[in-house]
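Down below is the structure, laid out as structure tokens.
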Amino acid sequence: AAGVIQSPRHLIKEKRETATLKCYPIPRHDTVYWYQQGPGQDPQFLISFYEKMQSDKGSIPDRFSAQQFSDYHSELNMSSLELGDSALYFCASSLIGQGAGYTFGSGTRLTVV
Amino acid sequence: EDKVVQSPLSLVVHEGDTVTLNCSYEVTNFRSLLWYKQEKKAPTFLFMLTSSGIEKKSGRLSSILDKKELSSILNITATQTGDSAIYLCAVGTPPPTSYGKLTFGQGTILTVHP
Numbered sequence: 352a353a354g355v356i357q358s359p360r361h362l363i364k365e366k367r368e369t370a371t372l373k374c375y376p377i378p379r380h381d382t383v384y385w386y387q388q389g390p391g392q393d394p395q396f397l398i399s400f401y402e403k404m405q406s407d408k409g410s411i412p413d414r415f416s417a418q419q420f421s422d423y424h425s426e427l428n429m430s431s432l433e434l435g436d437s438a439l440y441f442c443a444s445s446l447i448g449q450g451a452g453y454t455f456g457s458g459t460r461l462t463v464v
Numbered sequence: 245e246d247k248v249v250q251s252p253l254s255l256v257v258h259e260g261d262t263v264t265l266n267c268s269y270e271v272t273n274f275r276s277l278l279w280y281k282q283e284k285k286a287p288t289f290l291f292m293l294t295s296s297g298i299e300k301k302s303g304r305l306s307s308i309l310d311k312k313e314l315s316s317i318l319n320i321t322a323t324q325t326g327d328s329a330i331y332l333c334a335v336g337t338p339p340p341t342s343y344g345k346l347t348f349g350q351g352t353i354l355t356v357h358p
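What follows is the structure in structure tokens.
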């Protein structure tokens with residue numbers, strides 16, 4: 352069965368650089384969510400998109416932006432990276448109305464040095 | 245602000261033991277409570293609970309929601325070393341204010357020794 356695909360799996364960037372994380376949701380899922388999980392922390396909601404429109408915003412820094420494209424894949428753009436941005440970034444997708452349909456990708460581990 | 249609290253934060257048991265993990269929540273608009281198991285990477289779905297008092301079971305795992313107490317428990321019987329993981333509880337909030345955003349608890353780290 353198709354799963355949520357995230358790329359890259361690992362990313363190492365230097366401070367002040369820019370990173371772009373990609374997420375390909377499960378086919379026919381209409382909602383994409385981004386979460387950030389710091390070392391030893393629970394996942395924190397960043398932002399979500401429903402039918403290519405931003406639907407909710409959590410604790411996403413102004414240095415980050417995201418969008419969902421016409422093919423439903425989503426990208427999280429992170430600029431002026433800081434050491435504290437080092438974390439596991441998860442993408443999840445769901446179909447509205449299916450509360451159990453939150454399927455997570457394997458995550459992108461971002462290390463900022 | 246929505247809040248989900250899990251306890252204990254960490255638990256070490258021996259194979260064969262039974263464990264109970266707790267999750268309590270304070271959210272503005274409750275839709276569902278979900279349990280996830282997280283090993284090395286992505287959380288994997290265990291249960292979704294929406295109705296109070298109805299137990300959901302999957303093998304040695306079971307879970308129940310108590311909406312009056314704003315809490316849920318996850319039971320694992322006859323634990324195995326493969327059950328070692330972080331167990332995350334999350335509460336889903338409904339549209340229209342949020343399209344199913346999840347608020348996670350901090351997780352319970354379960355370690356099962358042989």
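Here the protein sequences line up with chains A and B, keeping their order.
Per the working numbering, the first sequence starts with residue 352, numbered consecutively.
Per the working numbering, the second sequence starts with residue 245, numbered consecutively.
Glycine included, every Cβ here is placed at the ideal spot set by N, Cα and C.
How close, in whole Å, do the beta carbons of residue i and residue j come, if the pair is a contact with beta carbons under 8 Å?
{"i": "serine 445/A", "j": "histidine 380/A", "result": "6 Å"}
{"i": "tyrosine 331/B", "j": "glycine 303/B", "result": "Not quite, the Cβ-Cβ distance comes to about 15 Å (not below 8 Å), so this is no contact."}
{"i": "glutamine 357/A", "j": "threonine 454/A", "result": "12 Å between Cβ atoms; not a contact."}
{"i": "serine 349/B", "j": "leucine 278/B", "result": "Residue identity differs from the one stated: residue 349/B is glycine in this sequence, not serine. About 11 Å; that fails the 8 Å criterion."}
{"i": "glutamine 388/A", "j": "alanine 438/A", "result": "6 Å"}
{"i": "alanine 353/A", "j": "proline 390/A", "result": "Going by Cβ atoms, the distance from alanine 353/A to proline 390/A rounds to 30 Å, so no, they are not a contact pair."}
Bridge partners of residue i, per DSSP?
{"i": "glycine 354/A", "result": "According to DSSP, glycine 354/A bridges with nothing at all."}
{"i": "glutamine 388/A", "result": "Leu439/A"}
{"i": "serine 296/B", "result": "Looking at the DSSP assignment, serine 296/B forms no beta bridge with any residue, so it has no partner."}
{"i": "phenylalanine 289/B", "result": "Tyr280/B"}
{"i": "lysine 408/A", "result": "Ile398/A"}
{"i": "serine 251/B", "result": "Asn266/B"}
{"i": "tyrosine 331/B", "result": "Lys281/B and Thr352/B"}
Please state the DSSP three-state secondary structure of residue i.
{"i": "aspartate 381/A", "result": "coil"}
{"i": "glycine 349/B", "result": "coil"}
{"i": "threonine 337/B", "result": "coil"}
{"i": "leucine 314/B", "result": "coil"}
{"i": "threonine 323/B", "result": "coil"}
{"i": "leucine 439/A", "result": "strand"}
{"i": "lysine 301/B", "result": "strand"}
{"i": "arginine 460/A", "result": "strand"}
{"i": "histidine 361/A", "result": "strand"}
{"i": "tyrosine 423/A", "result": "coil"}
{"i": "serine 430/A", "result": "coil"}
What residues in its chain sit with their C-beta under 7 Å from that of residue i, if we drop five residues either side in the sequence?
{"i": "methionine 429/A", "result": "Thr369, Ala370, Arg414, Phe415 and Asp436"}
{"i": "glutamine 324/B", "result": "Glu259 and Val356"}
What is the residue span of the beta strand (DSSP E) that residue i lies within?
{"i": "glutamine 282/B", "result": "276-282"}
{"i": "leucine 434/A", "result": "Leucine 434/A -> no beta strand (DSSP E), and no H or E assigned at all."}
{"i": "valine 271/B", "result": "That residue, valine 271/B, is in no beta strand (DSSP E); it is neither H nor E in DSSP."}
{"i": "threonine 371/A", "result": "370-375"}
For residue i, which residues from the same chain have a beta carbon less than 6 Å from its beta carbon, with the 5 sequence-adjacent residues on both sides left out?
{"i": "serine 315/B", "result": "Ser268"}
Spatial neighbours of residue i within its chain, please: C-beta separation below 8 Å, excluding the five flanking residues on both sides.
{"i": "lysine 366/A", "result": "Leu432, Glu433, Leu434, Val463 and Val464"}
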